[in-house]
Amino acid sequence: MRHPAAPASSAPRSPAARLAPRTLRGRLSLVALTTAALLMLILTVVFNTVVRHRLQREADDELRTRAAAVATTVDTRGGRVRVLETVNDRLLDTNVWIYDGTRLLEQPPTASRTDALTRAADSLAAGRRGCATLAGHDPVRLCAHPVPGPGTRATVVTALDLSPYRSSAETMLLGSFALDAVMLACTYALTRLAVGRALRPVRTMTDQATQWSAVASEERFGGRGRPAELAALGTSLDALLDRIRAVLRHERQLTGELSHELRTPLSRIVAELDWWRSRPRSEAETRATHEVIAEAARSMRTICDTLLDEARDGVPTAPGTTEVLPVLHRVAASLDVPGPVRVTVSGDGTPLRAGVQGALLERIVSPLLANALRHGRTQVALTARRTAGGVCVEVTDDGPGVPESFTPLLFQPGRRADPGDGHGGAGLGLPLARRLARSAGGEVAYDPRYATGARFVVTLPAG
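Quick look at the structure:
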């Protein structure tokens, strides 16, 4: 027994992803805060390291100064080392050890021969120069200083309690951390304020994009008065809006062209049904009506396939070949010809093959022939001939022709020379014929030199 598969669930977000700000303002502020925190941490460590070294150097200088003062009370004349008594003897004896070589001559009153300080002083006296730190609850710094004099081996070792220096260093460290916290808080607040002001144009552009309609509005973002990044974004969005408008125009044009092309076969279907229902018909008449309706339906399907194939992704129509004259006869037979108008189809006496599909040739010629039938008085002609570059089809009529002022607008969608002439039409047939011809590598042009009516010339590649 199969069980329905459980719905796929998205992977759980990591804690860091859940805690991350959702707004760009918050993320930029967090990045700035993290960067400032790392920089301040590094600066704090460097600053306090320098301070500790500086305090230790001050302590060493103090010890050397005291050692030099004690050395003035040591008499090394005659090869003997003697400690002279002075007025400040008690002050100088504080944390002072005097050696003759490695033999201890004098030590602080509170020190014993075996305590840690005296042992550390013995080690320094053996080297006669240098400093060392005795770690502990109250750290002590000791420095050895040789007594100047020719041939003397006397050494003075002084000690200094480092607790005040360590206390100063810790106070400065705590002060640095407090200052860092204040600076980070100010950095975060100022960054959020600056980023918010910087993103205000983006919020404005978002509101504009929400209000504008890509169909009805001609508004554009533009780049004037904006930072370079936002100007580039505005240019990209303007290009996107233009493409959207172009797509929508193309969809409207395709819809209009489909309705324009489907109108004729639909009219034939409606007319046949009305005629068939007007009174009882024989079986033969019913069969003829069915044939007409089926032919109109096939024509509608061909129209839809041709236009949709041409419009799909903007690619050219698939190549093919077809006999020109049979297609022209079929197009002439499919249209309703007004009573006084006579349609003729002729060629130059040679087999003519066009390098397009038959359905596409029908769709190119049909609007031109329908236009000629609409305006012709007595004669409409379809003439095919071979040219140096392919095949040419001329559609001529003996109507009033195209007004000279309207000639530049002839192939623009939705334009009609006289909208009130009583003829139905949306002004889409001629633009459609030209667009389809160009998709196959051909052209549709109007010949303004034709004086007895109108002449349209279709040129197509040879098959």
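Throughout, my numbering is defined as the position within the sequence shown, counted from one, plus 1091.
Glycine included, C-beta positions come from ideal geometry on N, C-alpha and C.
(request) Would you mind stating whether Val1432 and Thr1487 have Cβ atoms separated by less than 8 Å? (result) The Cβ-Cβ distance between Val1432 and Thr1487 does not fall below 8 Å.
(message) Rounded to whole angstroms, what is the Cα-Cα separation between Leu1215 and Thr1125?
(response) Between Leu1215 and Thr1125, the alpha-carbon positions lie close to 48 Å from each other.
(message) For Trp1188, list the residues DSSP reports as bridge partners.
(response) Trp1188 is bridged by DSSP to Val1248.
(message) Please list the terminal residues of the continuous alpha helix (DSSP H) segment that includes Glu1149.
(response) Going by DSSP, Glu1149 is part of the alpha helix (DSSP H) stretching over 1115-1162.
(request) Could you check the C-alpha separation between Ala1423 and Val1415 for me, to the nearest Å? (result) As the crow flies, the alpha-carbon of Ala1423 is around 12 Å from that of Val1415.
(request) Spell out the partners DSSP gives Tyr1541 in its beta bridges. (result) Per the DSSP secondary-structure output, Tyr1541 pairs with nothing in a beta bridge.
(request) Could you check the C-alpha separation between Cys1277 and Thr1262 for me, to the nearest Å? (result) Distance between the alpha carbons of Cys1277 and Thr1262: 23 Å.
(message) In whole angstroms, give me the CA-to-CA distance for Val1161 and Val1142.
(response) Each residue's Cα considered, the two are about 29 Å apart.
(message) With H, G and I counted as helix, E and B as strand and the rest as coil, what does DSSP make of Val1361?
(response) It is helical.
(message) If contacts are defined as beta-carbon pairs under 8 Å, then Leu1146 and Ser1258 qualify, I think. What distance do you get, rounded to the angstrom?
(response) With a Cβ gap of about 10 Å, Leu1146 and Ser1258 do not count as contacting.
(request) Ignore the nearest five residues each way along the sequence and tell me which others in Val1418's own chain have a CB closer than 7 Å to its CB. (result) Hits under 7 Å: Gly1449, Leu1452, Glu1453.
(request) Identify whether His1228 lies in helix, strand or coil by the three-state DSSP scheme. (result) Residue state, collapsed to three classes: coil.
(request) Can you tell me the Cβ-Cβ gap for Arg1291 and Arg1116, rounded? I've got them flagged as a contact below 8 Å. (result) The Cβ separation is near 10 Å, so there is no contact.
(request) Per DSSP, which residues does Ser1259 bridge with? Please list them. (result) Paired residue(s): none; Ser1259 is not in a bridge.
(message) What residue range does the alpha helix (DSSP H) around Gly1449 cover?
(response) DSSP places Gly1449 inside the alpha helix (DSSP H), whose first and last residues are 1449-1466.
(message) Could you pull the DSSP bridge partners for Thr1435 from this structure?
(response) Paired residue(s): Ala1472.
(request) Sort Arg1477, Ser1425, Ala1272, Arg1372 by Cα distance to Gly1440 and report the nearest one. (result) The residue with the shortest Cα to Cα distance from Gly1440 is Arg1477.
(request) Grab the span of the beta strand (DSSP E) containing Gly1520 for me, first residue to last. (result) Gly1520 -> not in any beta strand (DSSP E); alpha helix (DSSP H) instead, spanning 1520-1530.
(request) Apply the 10 Å Cβ neighbour rule to Ile1189 and answer buried if 16 or more other Cβ atoms are within range, or exposed otherwise. (result) That one is buried.
(request) Check the DSSP bridge columns for Leu1551 and list the partner residues they point to. (result) According to the DSSP secondary-structure assignment, Leu1551 is paired through a beta bridge with Val1482.
(message) If you reduce the DSSP assignment to three classes, tell me which class Gly1325 lands in.
(response) DSSP places Gly1325 in helix when its eight states are reduced to three.
(request) Would you check if the distance between the CB atom of Leu1208 and the CB atom of Val1172 is smaller than 8 Å? (result) Not closer than 8 Å, so no.
(request) Please list, in chain order, all residues of the same chain as Asp1271 whose beta carbon is under 7 Å from its beta carbon, the five residues on each side excluded. (result) Met1131, Thr1135.
(message) So, at 6 Å on beta carbons, what are the nonlocal neighbours of Tyr1541 in its own chain, with the 5 sequence-adjacent residues on each side left out?
(response) Excluding five sequence positions before and after Tyr1541, none of the CB atoms of its chain fall closer than 6 Å to its own CB.
(request) Tell me where the beta strand (DSSP E) around Leu1195 begins and ends. (result) Per DSSP, Leu1195 belongs to the beta strand (DSSP E) from 1194-1197.
(message) Could you pull the DSSP bridge partners for Val1535 from this structure?
(response) Note: Val1535 sits in a beta bridge opposite Val1549.
(request) Between the Cα of Pro1241 and those of Asp1166, Thr1301, Leu1225, spot the shortest distance and give me the residue it belongs to. (result) Residue Asp1166 is the option with its Cα nearest to Pro1241.
(message) Can you tell me whether Ser1203 is buried or exposed? The criterion is at least 16 other CB atoms within 10 Å of its CB, across all chains shown.
(response) Per the 10 Å Cβ criterion, exposed.
(request) Report yes or no: is there a C-beta of chain C within less than 8 Å of the C-beta of Arg1173? (result) The chain labelled as chain C is not found in the depicted structure, where only one protein chain is given.
(message) Quick check: the Cα distance between Leu1119 and Glu1310, rounded to an integer number of angstroms?
(response) Between Leu1119 and Glu1310, the alpha-carbon positions lie close to 31 Å from each other.
(request) Give the DSSP bridge partners of Val1165, in chain order. (result) DSSP output for Val1165 lists Val1174 as bridge partner(s).
(message) On the criterion of 16 or more Cβ atoms from any shown chain inside 10 Å, does Arg1334 qualify as buried, or is it exposed?
(response) By the C-beta density criterion, Arg1334 is exposed, having fewer than 16 other C-beta atoms within 10 angstroms.
(message) Once DSSP output is grouped into helix, strand and coil, what is the label at Asp1489?
(response) Under the three-state reduction of DSSP, Asp1489 is assigned to coil, being neither helix nor strand.
(message) I'd like to know whether the C-beta atoms of Leu1473 and Leu1460 end up nearer to each other than 8 Å.
(response) A contact, by the Cβ cut-off of 8 Å.
(message) I'd like the span of the alpha helix (DSSP H) that includes Leu1253, first residue to last.
(response) Segment: none, Leu1253 is in no alpha helix (DSSP H) and carries neither H nor E.
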